[in-house]
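Working notes, beginning with the structure itself.
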Amino acid sequence: MKCIRPVPFDVHPNHFKASTSLEGFSAQGGLITDDVEAAWCAAEKNAEQWIEVDLQLETDVLAVALQGLYKHSWVETFYVQYSTDGNTWYCYGSDNGHKVIFNYS
């Protein structure tokens with residue numbers, strides 16, 4: 001599938017947030033670019049880690065792309081949540097609040 005409009009490269013760095021980050025791998029590194037050394041890596045290895053991108057406008061998200069880093073550093077499963085106010089979050093693909101888990105392989 002081809003991206004119709006990927007997250008723009010001019011998204012301000014302040015629009016990226018993460019639960020935790022390893023030094024040198026901040027949330028801003030989560031934007032996929034040609035820089036194979038850029039990445040977001042959580043500082044803790046547990047299911048409570050997250051990355052957030054504020055798209056500024058209500059946007060139809062048609063796909064989520066993931067790119068692993070070297071040395072076995074990548075996400076294996078994830079789910080998507082969305083919010084219009086940054087406070088109340090809803091799980092993608094579910095009317096009953098259950099998470100839809102995606103596998104990355």
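If you use the UniProt record's numbering, the sequence shown closes out at 105, no skipped numbers anywhere. Beta carbons: idealized from backbone N, C-alpha and C, even for Gly.
| Item | Value |
| --- | --- |
| Alpha-carbon spacing of phenylalanine 16 relative to isoleucine 51, whole angstroms | 7 Å |
| 8 Å Cβ shell around alanine 38 - same chain, five flanking residues per side excluded | Gly29 and Leu31 |
| Distance between alanine 47 and leucine 55 (C-alpha atoms, nearest Å) | 24 Å |
| Alanine 43 versus serine 19: straight-line alpha-carbon distance, rounded | 9 Å |
| Three-state secondary structure (DSSP) of glutamine 28 | helix |
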